[in-house]
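One structure is given below, encoded as structure tokens.
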Amino acid sequence: MTVAEETSPASPRTPSPLLTFWRTFKRNRMALVGLGMLALIVLLAVFAPQVAPYDVTRAVDVTIGDIYQPPSGTHWLGTDDAGKDVLSNFFFGARVSLIVGFFAAFISVVIGGVMGIVAGFYGGRVENILMRFTDIMLVIPDLPLMVVIVALTKPNLINIIFVIGLLGWTTTARIVRSQTLAVKSRKFVLRARAIGAGNGHIILHHILPLVMPLLVVNAILVISLAILNESALSFIGLGDPTALSWGQMLNYAFGRGAMSAGAGWALVVPGLGIVWVVLSLTLLGHGLEQVLNPRLDTHHLMPGRPAVQGEAGAPAVGPEGAPVMLDVQNVSIHYFSDGKSPARAIENVSFRLRAGELMGLVGESGCGKTTLMLALLRLLPAAGQIVNGRVLFGGRDLTALGEAELADVRWKGVSIIFQGAMNALNPVRTVGDQIAEAILCHDPSYRSRRAGRDPRLDRRVAELLDLVGIAKDRKECFPHQYSGGMRQRAMIAMALACNPQVVIADEPTTALDVMIQAQVLELLDNLRRRLGLSIIFVTHDLGVVAEMCDSVLVMYGGVTAEYADVDTIYNSPRHPYTRELLKAFPDLSHPEKRLASIPGYPPRLDSLPPGCRFAPRCPQAFERCRAEQPVLHELNGGHFITCHLIETDRKRRSKDRQTLSF
Amino acid sequence: MKRTQYLLKRLGWSVFTIAFVLVLNFFLFRVLPGDPARAGVHDPRLKQEAVEAIRVRFGLDKPVINCFESLNPVRFGSCDVNPLETQFFIYVRNLFKGDLGISYHTNRPVAEILAERLWNTILLIGLGQILSIFLGVALGIFAAWKARTAIDYGALLTSLLAWSLPTFWLGIILLFWGSAHGLPIAGKATPGTSSWPLMQQWGDVLRHMLMPTLTYTIVYLGEYTLIMRSSLLDVLAEDYILTAKAKGLNTFQILKDHALKNAMLPLVTVIAINLGFTVAGVLQIEAVFSWPGLGGAIYESVLRRDYPILQGAFLLIAVAVILANLIADLTYSYLDPRVQSE
Amino acid sequence: MTTPEYFLEVHELKKYFQAGRPGIFSRRTRRVHAIDGVDLCLERGETIALVGESGCGKSTLALTLMGLEKPTAGRIIFEAEEITHADERTRKALRQRIQMVFQDPYESLNPTQTIGEIVAEPLVVHGLAREGGERQGRVVRALEDAGLKPAADYLHRYPHQLSGGQRQRVVIASALVLEPHLLIADEPVSMLDVSIRAEILNLLAELRRTRQISIIFITHDLGTVGYFADRVAVMYLGRIVEVGRTKEVLKNPQHPYTKALLSVIPVPNPRLRRERVILQGETPNPIDLPGGCRFHPRCPVAEERCQQDEPPRVTAAPLHHAACWLVSGKKP
């Protein structure tokens, strides 16, 4: 079956989640090693009677000379306090430890799972009672409680299993509950209700499948905890005297003079058994978690890849005469990942931003807009690398700067308004504090010599907040106390803190309502006029930028589709993609017109078409588009376009001219 | 305003939990079989007078609880008795007087024995906790910062291994190793040192603490490293870290001002939740090293079946953990501004 | 009392939520006025657009119509049947006739189910089309009606293998499979790229034409409603402030709120830069409603009486009503 899949990628059958899971699992070394270690010990335990050199379950006559014999040919790992073979004890002890671990964990996981799901799903009073009870059980130290209960009852295996199981469910209940809550709040549960599904159906088909992975990971950890608890109980002397678990072996050896007899083997071997099993479970659990929740992969402080400078030569558009603030020349960016050829995220993008200019950067999601903007300030994630091009700002090439020089340009020269202001602001620091931090970072004169803050700093923060229309007394508030629109304003105030010349606004209004969006746009436009800022406005919505931009760069699949001044883009676009985008825009003046849409989807960066990246969706594509990548052409007066159609047009025109001249 | 409310709520909750533990502690020792006092009552060999004497001595002649007819439809307990004359009330009253009963073994008041030992346990936990948190946090930060390098994988594997060690077994191994290197391995002080100068006495105690504390530190170091690492990795992938970087802050400033506080938040909760498990570890360490703390008391009383001490020690440990949890909760509310607005 | 020509009637519908959890110590309960007296009628086969900013109650209204929230007061009559307080069984039967499309296509599909399972789920839940072949046929038909052709290509895929637009089509298909009479679409395109929005809007318009489904289309963007809604209702703070035929409302808006919303719709033409009415502030908290007209604190043309008295709903033109003191017209 796998063969069929690999040979026919176009087949509509896709691998089941289990198969996909196994494929990722196989690649996780930690999980694989854990599984192997666990399998080995489970096999040894199951086949203990066959593999053990001695049958330790039968009573045999022991003489003093047999006790604590060091490892030898007859007893590979020596003998214990009763003169029995330690290796054989070890195999049989594995049975007891594993049985207790598995069964106790089973009880815990069932109780915890049911409580968590019931509490999370039904909520209200049921949840209150169950979770209060869980909280109580969670704070009561469990080993002492186990000790008390086992000490008061008979220490036999069944009792121990039940005591460990009945006291070990609290973390499971908490984890399952919070996962259930998270799943329950997701829209597909609401959708299931909307189609008329009852609680049973929803729990079985929608909650359980999404809680299960977490429950499995948790169950593995609960097993290891149960095994540790059993061994601790046995060691304290509360184990089942008839069942020789590893803990019990240690108890006997420690209590009966192994130490003074120097019989290290009797102490080390059973302990290593416990470590082996617990470590295998921990590795497996940890690996599984990574497989199921693959998020902890990269972070923003990992060292980035060095930029590679390359040949320059950039087109220029925008208001004539104004000085160029930011000159981006032939920037290409690749993403690298293990074992794959690099993804060409950005190829040869150039633009020139002049003083006071507002440039719109437009394209669908996933076409590389944010990547390009992050690259300007060298903020790309660790997998991304600038492989060609230059970014000239204030006479310096940003791609050639070191970290310290970059830190100087960041925010003071070029600042960024990020997309989701909720996530872009630190939740545990006040808004005012975060704005002040930016100022302090770049202007040492604000640093107060005496303890306490420079009053000028507070004034500056208040001034910035006032600039974006936030009352200054709100500066002591935390981001979660702001509304969405206010957070975006605060983000703008922060971006202006160090009087930057260039501000990059990365989809600052995407998640906002139309009215708030209009407010933010108006604010940005006003600020630009008052402070003479140059702004790059990133958006997927052509309509948003039409009213305030000077120039527009339309990107598609990481390349410049069309770049021109705003009037040209909207009134005489040449690239089919720009035209299609414009047609997709609802026009209030012609509501009866049918909306056009662009069929298909932007290309995936790891499987780019060989020719023009837009060719598969282009209504005017011809053979050449599918085979050959078009290059950037300049039309009259700063109108740039990457499309084969231009050449065809030009040829036709020059042919026309030729025929005319003849 | 909201903060006070939160504080009161947590305080009330802790009081309720302590009350629950009191009740649990009372019933455990009356419902489950095993207490020699009651076992003695049922011993057929004893004469009627002797049985009566035992009953009176341990207060078993009194009704267990009042049934509180109006609240209790199943009429559990004895009705028509003075609630002040029930075993439960006497138990609670004695608790408030600080009376935890008399040890079967030494005939000394349990409260007195435990009071001596409480400090030893606090000393051990305190030192071990500080060391393991410090080292664990530092190692976790380092691993997360150097994510996906050999340092990170090394730290990860080491902590997983440390986590997998059974506390008592690690104790035994260190005990073995320590005794081979001439370190004191049992008790809190060398016998006969009470006449020594104070500084020397302290030095002696510290030498005795070395191995137990090392055991404790290794066992919990792994867990704190793991939590700090994953929590910091999460935080470092957040957008506001990118904002901080875009602002021009250097790596050190970002770690210090933006990442650490946020990443420590989950750790505070874990430390609180862990206190229960910590006690489990201390119990084992004290048993191995004959450290005269509460855990040692539990170990000894299990061997001697000295139930009053067991009961008292459990109660004391539970209350201490609950209070420590309360402190952790309050710390959390202080650290995370989002808590108060919930 | 019931006028039979209407397909759906909503009378004075109210839905209040309690603000925060009632504590042990605090007895006072504050109420969020999510919907506060909504009147609405819908004819068979008609499409109405509900427009408003977030927090105006439009999504709550959708959930209340679906029976996923219990109304505090008012009546809902659907196909000449009072369903305001329908019991579980009636409600379940009703779900076959009223279906809903949710806002976020990334969130509204269970990642562990295949597309085939998702679309068949409503049939399973209602015990319809029990025979394998028949069920498969209905699933395929629904998928193809939603524009996922050929359906066989999609049946065994998982949501994460589809793009946003395709997922939204799956959501629509799973609503269509029950052959509902009324479809409530809650911001079905707001999470999608502009380039993909059009195809979903066209799909809804087509469904309405071919299947005679009535649609309640909820959106915050007046710009998209012109394409297929017969009527528009503008909501503000739990009330409908203006309702009328789409063309009429777009050409001749009466309420200052509608005018403002219309003025901020982006126009994709830099030559048509125009004066925009940008309302300051945000929709007030629906816990503490302003007295008088609830729009007056943000209204650019508010007068004194707007602060005192609530404006009545007046008829500006046939079938075009607005609730504003400044609109002249006769009371209905």
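Taken in sequence, the protein lines are chains A, B and C.
Sequential numbering from 264 applies to the first sequence in our numbering.
Sequential numbering from 291 applies to the second sequence in our numbering.
Sequential numbering from -12 applies to the third sequence in our numbering.
Virtual Cβ for every residue (Gly too), placed ideally from N, Cα, C.
Rounded to whole angstroms, how far is the Cβ of leucine 318 of chain B from the Cβ of threonine 416 of chain A, which I believe are closer than 8 Å? The count along the second sequence starts at 1 and reaches residue 318 of chain B at position 28. The count along the first sequence starts at 1 and reaches residue 416 of chain A at position 153. Going by Cβ atoms, the distance from leucine 318 of chain B to threonine 416 of chain A rounds to 10 Å, so no, they are not a contact pair.
Does any CB atom of chain A fall closer than 9 Å to the CB of isoleucine 463 of chain B? Against the second sequence, residue 463 of chain B aligns to sequence position 173. Isoleucine 463 of chain B counts as touching chain A.
Would you mind working out which of B:Thr457, B:Arg335, B:Thr411, B:Leu429 sits nearest leucine 516 of chain B, comparing C-alpha positions? Against the second sequence, residue 516 of chain B aligns to sequence position 226. The shortest C-alpha separation from leucine 516 of chain B is found at B:Leu429.
Just the chain C side, please: which residues come within less than 7 Å of glutamine 782 of chain A by C-beta, in chain order? The residue you call residue 782 of chain A lines up with position 519 of the first sequence. In chain order: Ile265.
Whole angstroms is fine: what's the gap from leucine 488 of chain B's alpha carbon to alanine 309 of chain B's? Against the second sequence, residue 488 of chain B aligns to sequence position 198. Against the second sequence, residue 309 of chain B aligns to sequence position 19. Cα to Cα, the separation comes out at about 41 Å.
Best match in A:Leu453, A:Gly550, A:Asn419 for proximity to proline 504 of chain A [C-alpha to C-alpha]: The residue labelled residue 504 of chain A in the question sits at position 241 within the first sequence. The residue with the shortest Cα to Cα distance from proline 504 of chain A is A:Asn419.
Residues that alanine 608 of chain B contacts on chain A, provided the C-beta gap is smaller than 9 Å: What you label residue 608 of chain B is simply residue 318 of the second sequence in a count that begins at 1. The contact set of alanine 608 of chain B on chain A, defined by CB atoms closer than 9 Å, consists of Val402, Ile403, Pro404, Pro407, Leu408 in chain order.
Coarse secondary structure for proline 598 of chain B, derived from DSSP in three states: Position 308 of the second sequence holds residue 598 of chain B. In the structure shown, proline 598 of chain B sits in a helix (DSSP, three-state: H, G or I).
Proximity of isoleucine 421 of chain A and leucine 361 of chain A at Cβ, strictly below 9 Å: Walking along the first sequence from the start, residue 421 of chain A turns up at place 158. Walking along the first sequence from the start, residue 361 of chain A turns up at place 98. Cβ atoms of isoleucine 421 of chain A and leucine 361 of chain A: not closer than 9 Å.
Return the CA-CA distance between valine 314 of chain C and histidine 20 of chain C, expressed in angstroms with no decimal places. Counting from 1 along the third sequence, the entry for residue 314 of chain C is found at position 327. Counting from 1 along the third sequence, the entry for residue 20 of chain C is found at position 33. Answer to the nearest angstrom: the Cα atoms are 25 Å apart.
Can at least three beta-carbon pairs, one atom from the segment 25 to 44 of chain C and one from the segment 264 to 274 of chain C, be found at a separation below 8 Å? Flag = yes, the segment 25 to 44 of chain C and the segment 264 to 274 of chain C touch.
Terminal residues of the continuous alpha helix (DSSP H) containing leucine 535 of chain A? Translated into positions along the first sequence, residue 535 of chain A becomes position 272. 527 to 555 is the extent of the alpha helix (DSSP H) around leucine 535 of chain A.
Contacts of aspartate 804 of chain A in chain C (Cβ-Cβ under 8 Å): Here the question's residue 804 of chain A lines up with position 541 in the first sequence. Here the neighbours are Val181, Pro253.
Find the nearest neighbour of glutamate 262 of chain C within the set C:Gly268, C:Glu269, C:Ala247, judged by alpha-carbon distance. Residue mapping note: residue 262 of chain C aligns to position 275 of the third sequence, counting from 1. Residue nearest to glutamate 262 of chain C within the set C:Gly268, C:Glu269, C:Ala247 is C:Ala247 (criterion: CA-CA distance).
Under the DSSP definition of a beta bridge, which residues are partnered with histidine 705 of chain A? Along the first sequence, one-based indexing puts residue 705 of chain A at 442. Residue pairing by DSSP places histidine 705 of chain A opposite no residue, since no beta bridge is assigned to it.
Take glycine 623 of chain A and list the residues in its own chain whose beta-carbon comes closer than 6 Å to its own, dropping the five residues that flank it on each side. As a working note, residue 623 of chain A is residue 360 in the first sequence. Result list for glycine 623 of chain A: Phe800, Val808, Cys812, Val815, in chain order.
Which of helix, strand or coil does DSSP assign to glutamate 297 of chain C? Residue 297 of chain C sits at position 310 when you count from the first residue of the third sequence. Looking at glutamate 297 of chain C - three-state DSSP - the assignment turns out to be coil, as it is neither helix nor strand.
For phenylalanine 310 of chain A, does the count of other Cβ atoms within 10 angstroms reach 16, so buried, or fall short, so exposed? Locating residue 310 of chain A in the first sequence gives position 47, where the first residue counts as 1. With fewer than 16 Cβ atoms within 10 Å of its Cβ, phenylalanine 310 of chain A is classed as exposed.
Bridge-paired residues (DSSP) for glycine 820 of chain A: Working through the first sequence from its first residue, we reach residue 820 of chain A at position 557. Its beta-bridge partners do not exist; DSSP assigns none.
Identify which residue in A:Val894, A:Leu895, A:His896, A:Ala878 has its Cα closest to the Cα of cysteine 974 of chain A. Examination of residue 974 of chain A is not possible in this model, given that chain A is present from 264 through 925 alone.
For tyrosine 624 of chain B, count neighbouring C-beta atoms within 10 Å of its own C-beta (all shown protein chains included) and say buried if the count is 16 or more, exposed if not. Mapped onto the second sequence, residue 624 of chain B falls at position 334. Burial call: exposed.
In the DSSP assignment, the beta strand (DSSP E) including glutamine 592 of chain A goes from what residue to what residue? Looking up residue 592 of chain A in the first sequence gives position 329. It spans 587 to 598 - the beta strand (DSSP E) in which glutamine 592 of chain A sits, taken as one unbroken run.
Taking the beta strand (DSSP E) that phenylalanine 903 of chain A falls in, what are its first and last residues? Within the first sequence, numbered from 1, the residue matching residue 903 of chain A stands at position 640. Segment 902 to 905, the beta strand (DSSP E) holding phenylalanine 903 of chain A.
Limits of the beta strand (DSSP E) - the one that arginine 653 of chain A falls within: Looking up residue 653 of chain A in the first sequence gives position 390. Annotation: the continuous beta strand (DSSP E) that includes arginine 653 of chain A extends over 647 to 656.
Could you tell me whether any Cβ in chain A is nearer than 9 Å to the Cβ of proline 277 of chain C? Translated into the one-based positions of the third sequence, residue 277 of chain C becomes position 290. No, proline 277 of chain C lies away from the interface with chain A (no Cβ there is under 9 Å from its Cβ).
Who are the Cβ neighbours of glycine 477 of chain B in its own chain at under 6 Å, not counting the five residues just before and after it? For this step, residue 477 of chain B is matched to residue 187 along the second sequence. Excluding sequence neighbours, glycine 477 of chain B sits near Ser580.
Whole angstroms are fine: how far does the CA of leucine 0 of chain C sit from the CA of valine 288 of chain C? Your numbering for residue 288 of chain C matches position 301 in the third sequence. Your numbering for residue 0 of chain C matches position 13 in the third sequence. The straight-line gap separating the alpha-carbon atoms of valine 288 of chain C and leucine 0 of chain C is approximately 29 Å.
Isoleucine 470 of chain A and threonine 533 of chain B: beta carbons closer than 9 Å? As a working mapping, residue 470 of chain A is identified with position 207 in the first sequence. As a working mapping, residue 533 of chain B is identified with position 243 in the second sequence. With contacts defined by Cβ atoms closer than 9 Å, isoleucine 470 of chain A and threonine 533 of chain B do not form a contacting pair.
Beta-carbon proximity list for glycine 657 of chain A, same chain, < 7 Å, skipping 5 on both sides: For this step, residue 657 of chain A is matched to residue 394 along the first sequence. Same-chain partners within the cutoff: Gly676.
Helix, strand or coil for isoleucine 332 of chain C, going by three-state DSSP, please let me know. Nothing can be reported for residue 332 of chain C: it is not among the residues displayed for chain C, which extend from -12 to 319.
Since tyrosine 589 of chain B meets chain A, which of its residues come closer than 7 Å, beta carbon to beta carbon? Within the second sequence, the letter at position 299 stands for residue 589 of chain B. Residues of chain A with a Cβ closer than 7 Å to the Cβ of tyrosine 589 of chain B are, in chain order, Ile499.
Using a Cβ-Cβ cut-off of less than 8 Å, give me the residues of the segment 613 to 628 of chain B that come near chain A, in sequence order. Residues of the segment 613 to 628 of chain B with a Cβ closer than 8 Å to any Cβ of chain A, in chain order: Asn615, Leu625, Asp626, Pro627, Arg628.
Phenylalanine -6 of chain C at chain A interface by Cβ criterion, 9 Å: In the third sequence, counting from the first residue as 1, residue -6 of chain C sits at position 7. Interface with chain A (9 Å Cβ-Cβ cutoff): phenylalanine -6 of chain C is excluded.
Interface flag, lysine 45 of chain C vs chain A, CB-CB below 9 Å: The count along the third sequence starts at 1 and reaches residue 45 of chain C at position 58. Under the 9 Å criterion on CB atoms, lysine 45 of chain C is classed as non-interfacial with respect to chain A.
Using 9 Å as the limit for Cβ to Cβ distance, is leucine 420 of chain A near chain B? For the purposes of this step, residue 420 of chain A is taken as the residue at position 157 of the first sequence. By this cut-off, leucine 420 of chain A is not an interface position.
Leaving out five residues on either side along the sequence, give the residues of the same chain with a beta carbon under 8 Å from the beta carbon of valine 592 of chain B. Translated into the one-based positions of the second sequence, residue 592 of chain B becomes position 302. Leu600.
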